[in-house]
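**Q** Mapping to UniProt numbering: the sequence shown position 96 is 96, numbers consecutive. In this text, a Cβ means the ideal position worked out from N, Cα and C, and glycines have one as well. This structure is a prediction, so every number in the text was calculated from the model and none was measured. Here's a structure for you.
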Amino acid sequence: MTAANTKDAAPKSKTKRGVHGAKKKIPRMDTAFLIIVLVLLAYGIIMVFSASYPAALEKTGNSLHFISQHILFVLAGIAAMIFISYIDYHVYQRFAFIIFGVAFLLLILVLIPGIGKELNNARRWIYIGPINFQPSEIMKFGVIVLFAHLISHYQKKMGTFKYGVAPYMICLITIAGLMMLEPHLSGTILIFGIGCIMMYIGGTKLRYFLVIGGVAGLGVAGVVMLKGVNYIADRLQFWLNPFADVNDKTWQTVQSLVAIGSGGLFGRGIGASRQKYLWLPEAYNDFIFAVICEELGLIGALLVITLFVLLAVRGFSIASKATDKFGFMLGVGIIVQICLQAFFNIAVVTNFVPNTGISLPFFSYGGTAIMMQLGEMGILLSISRFAKIEKP
């Protein structure tokens, strides 16, 4: 071999060693999706501060009490999101049943006196020292990861009742039964909606949803029997005409509509809401969208909706790039959860649907909810990193 040939051969050998010896670099996350999430969080922090300081001052004597806690939860959530984005999302498939099992156990524990804490006639919270959380928030993710696993496993059989309907309905009905004991109607509806949409996208035939509709109808009939026809009739009347008899059950809805109507096109101005001064209950939580409408008007409200639309579009784009069914369904389930919850919250605040009590993702004050939401955003960022990496 000549000297020239030796020189030519050396780089080839070096390249080969580099390919086999070097570690694979972790791909970059989807920056556009991350920016949308951060903008939502920044918008939410501003509005939580504006909406919460009157209630914080009245309840604790410190107007910064709620916003300071909220910022801590957001910072912890962002750290968790970035950390989770480096974890290959395929790991959740291996632990799908364990994740669901833990969430299911927590749903049982919250019903036990001494473990679950009752607030406003509902037992939805578990307190462990200074930490408190709602098991229903964990169950949302439990359902998403389990359904994504089952759909990916039985993807060629999703057109049958045995594999495309039965296991999912057993899960949803059991969860609904436990959550109605809390009771937690909004959480039940949301989880049922997430599950059904994932089933449909996963391949469940449309005709089977007639069966699901029948089961849901039986559930409604059961609620009517438990609560009584007069109770249901009153609730419907309160919803259809909340101004007819302003009382304890319609007060929150009425004050929300007053806030929205007061905002006009451009709003009263940031910080200038009147309804947040203890007129509107949960102004910094479930009904923060009403304060946004009052302070920033229709423009501010449309900005919120636009951000969620952008999040959905980018999120579905990330999910669609997954080369495996599990990654696709996991991403779809997470985006469906966030957007469906945002839709229900806005619908409740505007009295488009009856008041059931549901938070607005990234905006409402809260610890468990926003940490779980940001953790799920981390999983979507993980899908954007690892979706096209072939598994060994």
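1) Does the beta-carbon of A3 have 16 or more other beta-carbons within 10 angstroms, so that it is buried, or is it exposed?
2) Is M371 closer than 9 Å to V37 when the C-beta atoms are compared?
3) Which ranges would you report for the alpha helix (DSSP H) in the stretch 234 to 265 if only whole runs of at least 4 residues count?
4) Between A301 and S256, is the Cβ-Cβ spacing less than 9 Å?
5) Measuring straight from C-alpha to C-alpha, what distance separates S320 and R314?
6) Do you know offhand how far G77's Cα is from Q373's?
7) Output the distance between the C-alpha atoms of E58 and L296, rounded to the nearest integer angstrom.
8) Run through DSSP, which three-state label would P135 get?
9) Within 10 angstroms of its Cβ, does L106 collect 16 or more other Cβ (buried), or is it exposed?
10) Flag this pair as yes or no: are the beta carbons of G357 and S186 separated by less than 9 Å?
11) Given this structure, state the Cα-to-Cα distance separating L381 from M169, to the nearest angstrom.
12) Determine, using beta carbons only, whether M198 and A148 come nearer to each other than 9 Å.
13) Can you name the start and end residues of the beta strand (DSSP E) that L119 belongs to?
14) Can you list, in chain order, the stretches of the alpha helix (DSSP H) that have 4 or more residues and sit fully within the stretch 265 to 335?
15) Please tell me whether M329 and G219 are closer than 9 Å, where the distance is taken between their beta carbons.
16) Could you round the C-beta distance between V74 and L41 to whole angstroms and report it? I think they count as a contact, below 8 Å.
17) Could you give the distance in angstroms between the alpha-carbon of S317 and the alpha-carbon of N241?
18) Helix or strand or just coil, what does DSSP make of A22?
19) If you follow the beta strand (DSSP E) that Y127 is part of, which residue opens it and which one closes it?
20) What's the C-alpha gap between N351 and G331?
21) Taking the straight line between their C-alpha atoms, what separation do you get for A387 and P361?
22) Given that a residue counts as buried once 16 or more other Cβ atoms are within 10 Å of its Cβ, and exposed if not, what is E390?
23) Mapping DSSP to helix, strand and coil, what is P354?
24) In terms of alpha-carbon separation, which member of N285, A79, M179, I175 lies closest to A56?
25) Can you tell which of I46, T368, R124 has the C-alpha that lies nearest to the C-alpha of G269?
26) I'd like the list of long-range same chain contacts for G21, defined as Cβ closer than 7 Å, with 5 residues on each side in sequence excluded.
27) Taking the alpha helix (DSSP H) that L178 falls in, what are its first and last residues?
28) Determine the closest residue to W251 out of A322, A233, A283, R385, with distance taken between C-alpha atoms.
29) Taking DSSP as the reference, what is the three-state secondary structure of P11?
30) Anyone know if the C-beta pair for G367 and I131 falls short of 9 Å?
31) Would you grab the beta carbon distance between residue 396 and A322 for me? Rounded to a whole angstrom, and I think it's under 8 Å.
32) With a Cβ-Cβ cutoff of 9 Å, do I191 and V246 count as a contact?
33) Taking 9 Å as the cut-off, decide whether the C-beta atoms of L311 and F33 are in contact.
34) Does the beta-carbon distance from N355 to W239 come in below 9 Å?
35) Going by beta-carbon coordinates alone, are F344 and V353 separated by less than 9 Å?
36) Determine the burial state of V309: buried for a count of at least 16 other Cβ atoms within 10 Å of its Cβ, exposed for fewer.
**A** So, from the listed chains and residues:
1) Taking the sequence shown and counting its residues from 1, one reaches residue 3 at position 3. Below a pLDDT of 50, predicted positions are generally treated as unreliable, and A3, at 45, falls in that range; the measurement from the model is reported next regardless. Under this definition A3 is an exposed residue.
2) In the sequence shown, counting from the first residue as 1, residue 37 sits at position 37. In the sequence shown, counting from the first residue as 1, residue 371 sits at position 371. The answer is no: Cβ separation not under 9 Å.
3) 251 to 263
4) Position 301 of the sequence shown, counted from the first residue, corresponds to residue 301. Position 256 of the sequence shown, counted from the first residue, corresponds to residue 256. Not closer than 9 Å, so no.
5) As a first step, residue 320 is located in the sequence shown; it is residue number 320 there, counting from the start. As a first step, residue 314 is located in the sequence shown; it is residue number 314 there, counting from the start. Going by the C-alpha atoms only, they are around 10 Å apart.
6) Translated into the one-based positions of the sequence shown, residue 77 becomes position 77. Translated into the one-based positions of the sequence shown, residue 373 becomes position 373. Between G77 and Q373, the C-alpha separation is close to 8 Å.
7) For this step, residue 58 is matched to residue 58 along the sequence shown. For this step, residue 296 is matched to residue 296 along the sequence shown. So the alpha carbons of these two residues sit roughly 24 Å apart.
8) What you label residue 135 is simply residue 135 of the sequence shown in a count that begins at 1. Helix.
9) Numbered from its first residue, the sequence shown carries residue 106 at position 106. It is buried - the Cβ of L106 has at least 16 other Cβ atoms within 10 Å.
10) As a working note, residue 357 is residue 357 in the sequence shown. As a working note, residue 186 is residue 186 in the sequence shown. Yes, Cβ-Cβ distance for G357 and S186 is below 9 Å.
11) Numbered from 1 along the sequence shown, position 381 holds the residue referred to as residue 381. Numbered from 1 along the sequence shown, position 169 holds the residue referred to as residue 169. Cα-Cα distance, rounded: 30 Å.
12) Translated into positions along the sequence shown, residue 198 becomes position 198. Translated into positions along the sequence shown, residue 148 becomes position 148. Yes.
13) Within the sequence shown, numbered from 1, the residue matching residue 119 stands at position 119. Per DSSP, L119 belongs to the beta strand (DSSP E) from 116 to 119.
14) 288 to 320
15) Counted from its first residue, the sequence shown places residue 329 at position 329. Counted from its first residue, the sequence shown places residue 219 at position 219. Their beta carbons are not under 9 Å apart, which means M329 does not touch G219 by this criterion.
16) Here residue 74 corresponds to residue number 74 of the sequence shown, with the count starting at 1. Here residue 41 corresponds to residue number 41 of the sequence shown, with the count starting at 1. Indeed, because the Cβ distance is near 6 Å, the residues count as touching under 8 Å.
17) If you number the sequence shown from 1, residue 317 lands on position 317. If you number the sequence shown from 1, residue 241 lands on position 241. Cα to Cα, the separation comes out at about 41 Å.
18) Start at 1 with the first residue of the sequence shown, and residue 22 comes out as number 22. Legend: pLDDT at A22 = 49, less than 50; position of this residue unreliable, value from coordinates given subsequently. The answer is coil: DSSP assigns A22 none of H, G, I, E or B.
19) As a working mapping, residue 127 is identified with position 127 in the sequence shown. Per DSSP, Y127 belongs to the beta strand (DSSP E) from 122 to 128.
20) Counted from its first residue, the sequence shown places residue 351 at position 351. Counted from its first residue, the sequence shown places residue 331 at position 331. About 30 Å.
21) Here residue 387 refers to the residue found at position 387 when the sequence shown is read from its first residue. Here residue 361 refers to the residue found at position 361 when the sequence shown is read from its first residue. Spanning the two alpha carbons is a distance of roughly 25 Å.
22) What you label residue 390 is simply residue 390 of the sequence shown in a count that begins at 1. Residue placement at E390 is flagged as unreliable, the pLDDT there being 46, under the threshold of 50; the coordinate-derived value follows with that caveat. Counting Cβ neighbours within 10 Å, E390 comes out exposed, since fewer than 16 surround it.
23) Mapped onto the sequence shown, residue 354 falls at position 354. Coil at P354, not helix or strand.
24) Working through the sequence shown from its first residue, we reach residue 56 at position 56. Minimum Cα distance to A56 is reached at N285.
25) For the purposes of this step, residue 269 is taken as residue 269 along the sequence shown, with counting starting at 1. It is I46.
26) Along the sequence shown, one-based indexing puts residue 21 at 21. Note that G21 has pLDDT 46, beneath the 50 cutoff, so the model's placement of it is unreliable and the number below is only indicative. So no residue of the chain qualifies.
27) Within the sequence shown, residue 178 is the residue found at index 178, counting from 1. Per DSSP, the unbroken alpha helix (DSSP H) holding L178 starts and ends at 166 to 180.
28) Counted from its first residue, the sequence shown places residue 251 at position 251. Checking every option, the nearest Cα to that of W251 belongs to A283.
29) Residue numbering aside, residue 11 sits at position 11 when the sequence shown is read from its first letter. A caution first: P11 carries a pLDDT of 44, below 50, which makes its placement in the model too unreliable to give a value.
30) Residue mapping note: residue 367 aligns to position 367 of the sequence shown, counting from 1. Residue mapping note: residue 131 aligns to position 131 of the sequence shown, counting from 1. Result yes, Cβ atoms of G367 and I131 sit closer than 9 Å.
31) No statement about residue 396 is possible, as the shown extent of the chain runs from 1 to 392 and does not include it.
32) The residue labelled residue 191 in the question sits at position 191 within the sequence shown. The residue labelled residue 246 in the question sits at position 246 within the sequence shown. Going by C-beta atoms, I191 is not nearer than 9 Å to V246.
33) By 1-based counting over the sequence shown, the position of residue 311 is 311. By 1-based counting over the sequence shown, the position of residue 33 is 33. It is a contact, given that the beta carbons lie within the stated cut-off.
34) Numbered from 1 along the sequence shown, position 355 holds the residue referred to as residue 355. Numbered from 1 along the sequence shown, position 239 holds the residue referred to as residue 239. Going by C-beta atoms, N355 is nearer than 9 Å to W239.
35) Taking the sequence shown and counting its residues from 1, one reaches residue 344 at position 344. Taking the sequence shown and counting its residues from 1, one reaches residue 353 at position 353. Going by C-beta atoms, F344 is nearer than 9 Å to V353.
36) Walking along the sequence shown from the start, residue 309 turns up at place 309. So V309 counts as exposed.
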